[in-house]
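Peer 1: Quick note: the sequence shown, position 25, residue 283 per our numbering, numbers continuous.
What follows is a single structure, and I will ask about it in a moment.
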Amino acid sequence: KDNLHIAYSHTSHGSQLTEGMSGLVSFKGPSYSWNNGGTDGALDLHDYAMSGDLGNPDRTSWASRTRTYLAENTDVNVIIWSWCGEVSDASEADINTYLNLMNDLERDFPDVKFVYMTGHLDGTGLTGNLHLRNEQIRNYCTENKKILYDFADIECYNPDGTFFGGKKPDDACAYDTNGDGTREGNWATEWQNTHTQGVDWFSCSAAHTQPLNGNQKTYAAWWLWARLAGWDGN
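Here it is in structure tokens:
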């Protein structure tokens, strides 16, 4: 909280992080409070800091909006942008454009940490274009030691660590239980129904999905903030 000044921009899917973070305050207390400015000991996070997302209104103007924002908010030292559904129909060249623009920002603002992100699941599975493009982002981040919030990977696992990525899950956590091409199951609602609300999971508004997915996004976000602030992960 002392070290980070975060600007987060997104549209509906990206709100799962911050809506979940708001729910966590009710669930676990004011230690997890956040607001724009970090008043009263909260984490300083400017939600919806810039308009649009990584593909809205186009695939490039987010970068110029980031430059303008950073020029006007010199205290900000973390920038995180979310996709909505634009990775699903992105080409390899489109993702290279995204990666190159991020790299340019990192070069020009060396004191700012830029968080890369994958696109949310769309039910096309491990052979679909979404997975291929997300792998392109992951591989680039691994090879170049970038910071990645893996939005899609979080949607592939329930809290017990069970992997659903091979069952064509979508952004609502629905998955194909038996390989017949229909998503009859939902890993989030199944887990919620066998665990106690208010003890094992908390209710929150999570656009397009289930509260548990919002919980998972929130825990990952706080882990990320802590690592960015200097925690070694142990």
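Even glycine gets a Cβ: it sits at the ideal position worked out from N, Cα and C.
#1: Since H268 is in the alpha helix (DSSP H), which residue starts that stretch and which ends it?
#2: Under three-state DSSP, which class holds Y306?
#3: Quick one: is A348 buried, meaning 16 or more other Cβ sit within 10 Å of its Cβ, or exposed?
#4: According to the neighbour-count rule (16 or more other Cβ atoms, all chains shown, within 10 Å of its Cβ), is N473 buried or exposed?
#5: Taking 8 Å as the cut-off, does the stretch 382-390 touch the stretch 341-361 (at least 3 CB pairs, one atom from each stretch)?
#6: Give me the Cα-Cα distance between D408 and R396, rounded to the nearest whole angstrom.
#7: Where does H483 fall in DSSP's three states?
#8: Kindly give me the distance between the Cβ atoms of F460 and G281, rounded to whole angstroms, as I take these residues to be in contact under 8 Å.
#9: Compare the C-alpha of S463 against each of D369, G439, S270 and K259 and name the closest.
#10: Which residue's Cα is closest to the Cα of S309: K403, W320 and L303?
Peer 2: Reading it off the structure:
#1: Counting along the chain, H268 falls outside any alpha helix (DSSP H), and DSSP gives it neither H nor E.
#2: DSSP places Y306 in coil when its eight states are reduced to three.
#3: buried
#4: Around the Cβ of N473, a 10 Å sphere holds 16 or more other Cβ atoms; the residue is buried.
#5: Touching, yes.
#6: 8 Å
#7: Correcting the residue type first, residue 483 is Trp in the shown sequence and not His. Correct three-state label for W483: helix.
#8: 5 Å
#9: Taking only the C-alpha atoms, the option nearest S463 is S270.
#10: W320
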